[in-house]
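Enquirer:
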Amino acid sequence: MIEVKNIYKTFGENEVLKDINATFKPGKNNLIIGSSGSGKTTLLKCIVGLHEPTSGKVLYDDVNFTDMHFEGRVPIRKQIGMLFQNSALFDSMTVEQNIIFPLDLFTNMSKAEKHERADFCLERVNLAGKNKLHPSELSGGMKKRVGIARAISMQPKYLFVDEPNSGLDPLTAILIDNLISEITQDFQTTTVIVTHDMNSVMGIGDHIIFLYDGKKWWEGTNHEIAHTDNKELNSFVFASPFMQAAREKL
Amino acid sequence: MFTSLGRYILLLRLSFRKPEKFSVYWKEIMREMVSQGIGSLGIIAIISVFIGAVAAIQVAFQLISPYITKTVVGSISRDSTILEFSPTISSLVLTGRIGSSIASQIGTMRVTEQIDALEIMGVNAPGYLISPKIIAGITMIPLLVIISVILGLSGGYVACMMSRDVSTTDYVLGLRDGFNPVTVTVCAVKAVTFGFIITSVCAYFGFYTSGGSLEVGQSATKGVVFSCIWILFADLVISSLLL
């Protein structure tokens, strides 16, 4: 379980996050949604430690992550998997080397065990046999899946996903969503997804936090979102005529 | 300026933290050594031969007279090659070849979130990315400078062979005449220092890149420019202290 307590984040004069409180439970798809510039990626970066919050703290299973130094964070970081918006695969490495990289650094697995693990992860994301390809030879959707394979290679307890569907066609986006959802269920990971894709919100949103102007504006499930009377949330989620029509049928 | 210096020193301190697993770092060091050393051999060979030849021709043009012995061409070419041409000119060329590559490589990793990915995994990103490059730089650049000295002096020999002003015998006699081993020490100190400057300064600019591809290019340019300035400054300091 991850708890975010009274997080504030300021860049110069610009206050991006204002008093954010949230709890992300294991085995659930926790979605952070909001329009561009609402602070969702900043919140995610504060949670994983890529940004230091101006004030407030982040607890991983009751352990205060924010106050820790680099060395102290390493044991928790080994339990974190993250899929970045642009996948962030290492260009100089093959698909398999990307997946094996954290295993090389942090485990004493034999070569055979590492290859076996890489094969398992690739099979899990439906990319079996693509071990020797380089990231430049992959499509956007395949890169995302390799990113997921790398993120789960260390069997993480916490999975973070930043805009998993950006730049993908609707069918691939649904595949990625389902894959993340399955992994969350199978491994009982605490999954936090930053997105503004409404298919994801309605499809896999077990627990949704809506950020507006740097504040937590609304919290609920994908079933509750259809019936909310929150004005800002409605204008964000049901902005298009198609979504408005869909809402009326719900 | 002091902020940048402070960040540079802090980055160096982070770079030399205890590695997570030595074998992984060792592989990276070897990879960097091949990239920096073997990859730069061609350009170093070409510039060294030509600079050595030009040095011999120009010394012959300026100093040959009935009052000066012809062996002086060899002596002056040797000292200027060992003290200045090979370590300094080679390092300035290597800044363009190795430094820009380091800055753009690390800068691209920064803007494509690959460095963030390393940090999320719990990897000490400066250590993994920068220390192997610095270690490769301070070992391979001196080796390249040694090769450059040999090829530079050989270039002078070829120039003498092709010109009628100085015989190769006089040139070789000049090379042997009055050799002071301190020049080799100065050359080695310069090579190691310049190797450190090229790799660390360019890595610093690459590591703190923010933005996109335009900024990666700017970081590479800044890295090369600042490395060249620091190389020339260090050249002056080392020459004043050791000669």
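In order, the protein sequences belong to chains X and F.
Position 132 (the first sequence) corresponds to 131 in numbering that gives the first Met the number 0; numbering is contiguous.
Position 58 (the second sequence) corresponds to 57 in numbering that gives the first Met the number 0; numbering is contiguous.
Note that beta-carbon positions come from the ideal geometry of N, C-alpha and C, so glycine has one too.
1. Whose CA, out of X:100, X:242, X:23, X:28, lies closest to the CA of residue 175 (chain X)?
2. With 16 other CB atoms within 10 Å as the buried threshold, where does residue 26 (chain F) fall?
3. Taking the alpha carbon of residue 130 (chain X) as the point to measure from, which residue in X:100, X:205, X:113, X:96 has its own alpha carbon closest?
4. Under the assumption that residue 151 (chain F) contacts residue 193 (chain F) (Cβ atoms under 8 Å), give the Cβ distance between them as a whole number of angstroms.
5. Could you give the DSSP three-state label for residue 54 (chain X): helix, strand or coil?
6. In its own chain, which residues sit with a C-beta less than 6 Å from the C-beta of residue 148 (chain X), not counting the 5 before and 5 after it?
7. Got a sec? Which residues, its chain only, sit under 6 Å from residue 9 (chain X) by beta carbon, not counting five neighbours each side?
8. Tell me which same chain residues have a C-beta within less than 7 Å of the C-beta of residue 64 (chain X), skipping the five on either side of it?
9. At the 7 Å Cβ level, is residue 198 (chain F) part of the contact set with chain X, yes or no?
10. Would the beta-carbon of residue 98 (chain F) fall within 7 Å of that of residue 226 (chain F)?
11. What residues from chain F crowd round residue 81 (chain X), counting only those whose CB sits closer than 9 Å?
12. Is the CB of residue 243 (chain F) under 7 Å away from at least one CB in chain X?
13. Would you identify the three-state DSSP class for residue 194 (chain X), choosing helix, strand or coil?
14. Taking all protein chains shown into account, do 16 or more other C-beta atoms lie within 10 angstroms of the C-beta of residue 44 (chain X), making it buried, or fewer, making it exposed?
15. Ignoring anything shorter than 4 residues, give me the alpha helix (DSSP H) runs that lie fully in the stretch 55 to 93 of chain F, in order along the chain.
16. Under the three-state reduction of DSSP, which class applies to residue 182 (chain F): helix, strand or coil?
17. Using the C-alpha atoms, what's the distance from residue 198 (chain X) back to residue 86 (chain X)?
18. Starting from residue 220 (chain F), follow the beta strand (DSSP E) in both directions and report where the run begins and ends.
19. Are the CB atoms of residue 102 (chain X) and residue 110 (chain X) nearer to each other than 7 Å?
20. Among all the DSSP beta bridges, which residues are the ones paired with residue 161 (chain X)?
21. In whole angstroms, what is the alpha-carbon distance linking residue 179 (chain X) and residue 135 (chain F)?
22. Residue ranges of each alpha helix (DSSP H) run of no fewer than 4 residues wholly in the stretch 98 to 155 of chain X, ordered along the chain?
23. Given that residue 132 (chain F) touches chain X, what residues does it touch there, using C-beta distances under 7 Å?
24. Which residues of chain X have a Cβ atom closer than 7 Å to the Cβ of residue 111 (chain F), listed in chain order?
25. Which word fits residue 127 (chain X), buried or exposed, when buried means at least 16 other C-beta atoms lie within 10 angstroms of its C-beta?
26. First and last residue of the beta strand (DSSP E) that includes residue 1 (chain X)?
27. Per DSSP, residue 31 (chain F) forms a beta bridge with which residues?
28. Closer than 8 Å is the cut-off here; do at least three beta carbon pairs connect the stretch 169 to 188 of chain F with the stretch 126 to 134 of chain F?
29. Are there three or more Cβ pairs, one per stretch, closer than 8 Å when the stretch 43 to 55 of chain F is compared with the stretch 86 to 103 of chain F?
30. Counting Cβ pairs closer than 8 Å, one from the stretch 185 to 195 of chain X and one from the stretch 3 to 17 of chain X, do we hit at least three?
Expert: Put simply:
1. X:28
2. exposed
3. X:96
4. Contact doesn't hold; Cβ gap of about 16 Å is too wide.
5. strand
6. 98, 120, 121, 124
7. 53
8. 48, 57, 58, 72, 75
9. no
10. yes
11. 115, 116, 119, 120
12. Since the first and last residues shown for chain F are 0 and 242, residue 243 (chain F) lies out of range.
13. strand
14. buried
15. 71 to 79, 89 to 93
16. helix
17. 20 Å
18. No beta strand (DSSP E) contains residue 220 (chain F), which is instead part of the alpha helix (DSSP H) from 212 to 241.
19. no
20. X:193
21. 41 Å
22. 110 to 123, 139 to 151
23. Correct list: empty, because the minimum Cβ distance to chain X is about 13 Å.
24. 85, 87
25. exposed
26. 1 to 10
27. Beta-bridge pairing links residue 31 (chain F) to no other residue.
28. no
29. yes
30. no
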